[in-house]
Amino acid sequence: MADLSTVKVLVAMSGGVDSSVAASLLVDQGHDVSGVTLKLWGGPSDAGCCSVQDVLDAARVADQLGIDHHVFDLTDAFDRHVVEPFVAAHLAGRTPNPCVECNRHLKFDHLLAASRRLGFDLLATGHHARVVHAAEGPELHRGRDVAKDQSYVLAMLGPSQLASLVLPVGELSKQEVRRYATARHLRTSGKPDSQDLCFIQADEGRGGFLAARASLTPGSLIDAESGATVGEVTAVELVTVGQRRGLGVDVHGRRRVAVAVSPSEARVLVAPQDEALVDEVVLDEESETWTAAPLDDGASVLVQLRAHGVVTRAQLAAARGPGRSLVLEESIAPVAPGQTAAIYSAEDPTLVLGSAVVAHAIRSKVTLALEQT
Amino acid sequence: MAKALEGLPPNPSGSHRLARATRSVLEDARERVAVELGVAPGAVLFTSGGTEACNLALRMGSRPRKISSIEHVAVRDAAGEHVELAVGGDGVLDVARAIEQIEDGDLVSVMAANNETGVLQPLRALSDGLGALRDGVVLHSDAVGSGWCQPLAETASICQVVSIAAHKLGGPAGSGAVIVTGDVAPAPMVVGGGQERGLRAGTQDVAGALGLACALELASADRRSGAIDAMGERRDGLEKLLGDLDGVAITARGAPRLESHLHLTIEGVRSDELLFLLDEAGLCASAGAACASGASRPSRVLEAMGMGESRARGALRLSLSPLTSDEEIEQAGVIIAGAIAQLRR
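Taken in sequence, the protein lines are chains L and P. Take the first sequence: its position 161, counted from the start at 1, is 161 in my numbering, and no numbers get skipped. To get my numbering, take the position in the second sequence, counting from 1, and add 1000.
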C-alpha cells in the first residue's frame, strides 16, 4: 500500500458511528481526508426526509474533524441497481440481498470510480472487515469483532477494488468504536446501529413497499410430498424460501418450512423442516466474484449464506445444469434463491475468497414429489 | 442594525417609552420597505423569510390555485392541490396557455424570476392578457430571487401579493415580508398576540426588519449606480467563455434573465462531482435547488423546461454579486474548465 501520509482518502460517511470513527482514525493518522455522504433513496425513510438527519450528523462529524464534506445524490443509480432489481426479484419468487447489491454497484463501483476521477487515491468505509495487504495482493478478512463482522456484504469485491479500499474500524470491536467516538465527543457516538433496509419504513414493511409497486399474488401452501393444499397466503412474493413463520405445522406436529416460492403458479411448496434440509447450493451463472484468482472445481471452502448465518464446509463443483455448485458437507435449512453465498478459505476462516448469488438449493438424497413439477 | 437598537428592549409591543422607541425602529423599517415597493406601509407584513412569506401569501381560502411549473418548492408545497401553468423550453411562462387556464376567482402564483435559471417571468403580459378577468383573480409573485436586479415596485404594481426575503439581497437570513395590497387578505398563519395585522402573530424581529429595509435600499442603489449592469456584463463574459467549451450548453440563453444568474449543463459530467472539485478549488457554486440534506437533486425546473434527466444531472448554477470582480470571473472560468477536463479524463 502507498504511504498513507501522502495519499488522499475519501471516506463514505453514512452518519453512523462506524464511518464517523473511520474518518476520525484516518485524520488521526495524518491523511488528507474528505467525507462524502451518499443520498441513495429519494423516497420516505425512517431516518426522515431523504435521511436528512443522517446527512447532518455526518456533516457535523466532518466539521468536528476539520475535513470537507459533500453529499452525492445517487438516487437514480440506487433505483436502477438496487430498488428495481429488489422488486423484480421478489416478483420472481427470489429473496435478494439489496445491501450486497448497493455495495456492488453504488459504493464500490460508482463511488469508487468517482473518487478516482476526483483525484483520491483510496476509498474508506466504516465496515467491520479488514483489508490486509499481502505480498500476493490485497486480502479481505473478517472484522475483529465477530458479532459485528460485515465481510459477508463485502464478499463481492474484486482485487482492484480491494487495492483502493481502507476499512479503518475492522481492527476494532464495536465497543471500542463507541468508546473512541465518545472520547472524541463525536455526535454519532450513541446512535443505534441501523438494522433494516434503508429504503423501507418500519410501518410499511417489505410487504407494504412491494404492494405499492406491484400487484402481489394470493396463493396456496402446497405440501411438497402429498400435493395437498394445506393453507393460503395473501402474497406469495412475501414468502421466503426457508421461512417457518406463519406456515403452521403438519399432521404430525412438525413445523413446516417453505421450500419453493412460485408467484407465477400462485403457490408455495412447504415441507416438514427435517425433510427440507438442503446439501447443495447452485450458483447463478456469471455471478461469481473472486477477491483474487478464481477457484477451480474441487476446491474446499467455507460458505456463509446469510449476513450472520452459520458457516458450512463445502466443495466447489460443476452443477448438473449450467454454472457451478457448492456441495455442502452437512445439510442445512433451505436457502432462498437470490441470497449471497460468501465464500471463505478453509485454511484461514477469516479470509474471504469470493461470492456468488444463489440460484437455488437442492437436496441430493431426497427429492420431494412436487419439486420436479 | 445593532446601532439602531442599542439600549432598546427587544420587544416593540408595550406602552412604555422604551417599547415605543423599539416600535419606532420597526415602523421606520416598514415605511422604508413600503417606499422601495411603492406601496402603503400597512401593506408590508414582516415574516421570518421568503418561505414563510410564500406560505402566508397562499393562504387565500378556497380559491383554486394555478401556479407556474417552475415555482420554488415553498410555493408548490404551500399551494397544496394546484394546476400547473407550463413554461416553454426557454423557461418563460407560456402566457397564452396560462390565460386559457386561468378562471375567475383563481389564486395565481408566478415567480418574478426563476431562482435556478434566473429567467424573468412575463408578469405584466400575464396581467394585461387576463383583461376583464384580472379583477377576479389574485396574483401572487414570489419575488424572493429577483430583488437585487429588478425593481420590486414594478412587481408590486402588477401583483396584489408579493413575497420577498432579505438574504437574497445581501441582508440577514430569517427576515422577509409579504406585501399585500388591494382588498385581499390571507388567513392568519400564526395566531396569538395579533402582531402584523393579526396575520402573523409573535414578537417581531426588529433587527431583521431593519436589515430587510437596508438591503432593499442598497439593492436600489446598486441598480442606480450601474453596478447591476456591470455585473450582467461580467456574467455575459463568463457565459461566452464557458459556452465555448465542448459539450456545454447555456440554459435559456435567449431568454431575459437576471444579471446575477448563469445556468449551464455539461454533457458527460455529474453535478455533484463537479461541485466537489469546484469547492476544493474555492469556487462556491450549486447545481440547482439544494434540499435540506445538501444533496443536489435533479431539478424540477429543468424538467418543466423539457430537459432530459441525463442532461439535468450535469447542471451548474453560478451566481454573481455586484462585488464579483473581473479577476474572479477569469479565475472561475479557469477552475470550471479545469474541473470539467479532469472529470472527462
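The C-beta atom is built at its ideal place from N, Cα and C for all residues, glycine as well. The structure displayed is predicted, hence computed values, not measured ones.
Does the beta carbon of residue i sit closer than 7 angstroms to a beta carbon anywhere in chain L?
i: P:L1216; result: no
i: P:L1302; result: no
i: P:D1077; result: no
i: P:D1094; result: no
i: P:D1272; result: yes
i: P:F1276; result: yes
i: P:L1343; result: yes
Just checking my contact of residue i with residue j at CB under 8 angstroms: how many whole Å lie between their CB atoms?
i: L:L38; j: L:L111; result: 7 angstroms
i: P:D1222; j: P:P1322; result: 5 angstroms
i: P:A1019; j: P:S1013; result: 6 angstroms
i: L:H133; j: L:G143; result: Contact doesn't hold; Cβ gap of about 17 angstroms is too wide.
i: L:K376; j: L:V17; result: No answer is possible for residue 376 of chain L: the residues shown for chain L start at 1 and end at 373.
i: L:A266; j: L:P322; result: With 8 angstroms as the limit, L:A266 and L:P322 do not qualify as a contact, their Cβ atoms being about 27 angstroms apart.
i: P:G1038; j: P:A1153; result: 4 angstroms
i: L:R245; j: L:Q273; result: About 12 angstroms; that fails the 8 angstroms criterion.
i: L:L65; j: L:V27; result: 5 angstroms
i: L:L328; j: L:A314; result: 5 angstroms
i: P:L1107; j: P:L1045; result: The pair is not a contact, with the Cβ atoms about 17 angstroms apart (cut-off 8 angstroms).
i: L:L40; j: L:F78; result: 4 angstroms
i: P:Q1204; j: P:L1026; result: 6 angstroms
i: L:D145; j: L:S173; result: 4 angstroms
i: P:V1184; j: P:Q1160; result: 5 angstroms
i: L:V357; j: L:S287; result: 4 angstroms
i: P:P1202; j: P:P1172; result: For clarity, residue 1202 of chain P is Gly in the given sequence; the question names Pro instead. Actually they are not in contact, since the Cβ atoms of P:G1202 and P:P1172 sit about 17 angstroms apart, beyond 8 angstroms.
Is the beta carbon of residue i within less than 6 angstroms of some heavy atom of the ligand MN?
i: L:S331; result: Of the ligands one can find in the structure shown there are none, so the ligand MN has no counterpart to examine.
Contact criterion: CB-CB distance below 7 angstroms. Does residue i meet it with respect to chain P?
i: L:T373; result: Any reading at L:T373 needs caution, since the residue's pLDDT is 46, under 50, leaving its predicted position unreliable; the model's value is listed next. Judged by the 7 angstroms Cβ criterion, L:T373 is not in contact with chain P.
i: L:R70; result: It should be noted that the sequence gives His, not Arg, for residue 70 of chain L. Yes, because at least one Cβ of chain P sits closer than 7 angstroms to the Cβ of L:H70.
i: L:D145; result: no
i: L:A114; result: yes
i: L:L118; result: yes
i: L:D73; result: yes
Identify which residue in the options has its Cα closest to the Cα of residue i.
i: P:A1285; options: P:S1310, P:A1074, P:G1306 and P:L1316; result: P:L1316
i: L:V230; options: L:G248, L:V281 and L:G205; result: L:G248
i: P:N1055; options: P:E1303, P:E1267, P:H1072 and P:G1288; result: P:H1072
i: L:T312; options: L:E84, L:I332, L:S325 and L:P294; result: L:I332
i: L:V386; options: L:A293, L:S262 and L:E204; result: As displayed, chain L neither begins before 1 nor continues past 373, which places residue 386 of chain L out of reach and without an answer.
i: P:E1006; options: P:R1017, P:G1211, P:E1330 and P:T1022; result: P:T1022
i: L:V282; options: L:V310, L:R363, L:D54 and L:V11; result: L:R363
i: L:L165; options: L:A183, L:A147 and L:E139; result: L:E139
i: P:G1288; options: P:S1024, P:A1281 and P:L1302; result: P:L1302
i: L:A260; options: L:E232, L:H252 and L:P334; result: L:P334
i: P:S1325; options: P:R1234, P:V1248 and P:I1250; result: P:R1234
i: L:T182; options: L:V233, L:S24, L:L10 and L:V153; result: L:S24
i: L:A147; options: L:V310, L:P337, L:T289 and L:S355; result: L:V310
i: P:L1320; options: P:G1118, P:E1267 and P:E1103; result: P:G1118
Worksheet item: Does the count of Cβ pairs from the region 1085-1103 of chain P and the region 1161-1181 of chain P closer than 8 angstroms reach three?
Response: no
Fill in: Minimum length 3: unbroken beta strand (DSSP E) runs contained in the region 122-183 of chain L
122-124, 129-134 and 137-142
Worksheet entry | Entirely enclosed beta strand (DSSP E) segments - the region 241-278 of chain L, minimum 3 residues | 256-262 and 267-272
Fill in: Contained alpha helix (DSSP H) runs [length at least 4] in the region 176-225 of chain L, N- to C-terminal order
205-211
Worksheet item: At a cut of 8 angstroms, does the region 1075-1082 of chain P reach the region 1226-1244 of chain P through at least three beta carbon pairs?
Response: no
Worksheet item: On the three-pair Cβ rule with 8 angstroms, is the region 340-351 of chain L touching the region 78-94 of chain L?
Response: no
Worksheet item: Taking three-plus beta-carbon pairs below 8 angstroms as touching, is the region 1115-1129 of chain P in contact with the region 1049-1056 of chain P?
Response: no
Fill in: Validate contact between the region 297-317 of chain L and the region 247-267 of chain L using beta carbons, cut 8 angstroms, 3 pairs
no
Discussion item. Pairs of beta-carbons, one from the region 24-32 of chain L and one from the region 187-196 of chain L, closer than 8 angstroms: are there three or more?
Written reply: no
Worksheet entry | Segments of 3+ residues assigned as beta strand (DSSP E) that fall wholly inside the region 12-68 of chain L | 32-39
Worksheet item: Taking contact to mean at least 3 C-beta pairs separated by less than 8 angstroms, is the region 1252-1269 of chain P in contact with the region 1148-1160 of chain P?
Response: yes
Worksheet item: Enumerated in chain order, which unbroken segments of the beta strand (DSSP E) with a length of 3 residues or greater are wholly contained in the region 1254-1287 of chain P?
Response: 1261-1266
Worksheet item: Below 8 angstroms, can you find three or more Cβ-Cβ pairs linking the region 1304-1314 of chain P to the region 1209-1216 of chain P?
Response: no
Item to complete: Kindly confirm or deny that the region 195-212 of chain L and the region 165-172 of chain L touch, where touching means at least three C-beta pairs closer than 8 angstroms.
Response: no
Item to complete: Decide if the region 1268-1283 of chain P is in contact with the region 1127-1141 of chain P; the criterion is three or more beta carbon pairs, one per stretch, under 8 angstroms apart.
Response: no
Discussion item. Which complete beta strand (DSSP E) runs does the region 1036-1122 of chain P hold, if anything under 3 residues is left out?
Written reply: 1044-1047, 1065-1068, 1082-1085 and 1107-1109
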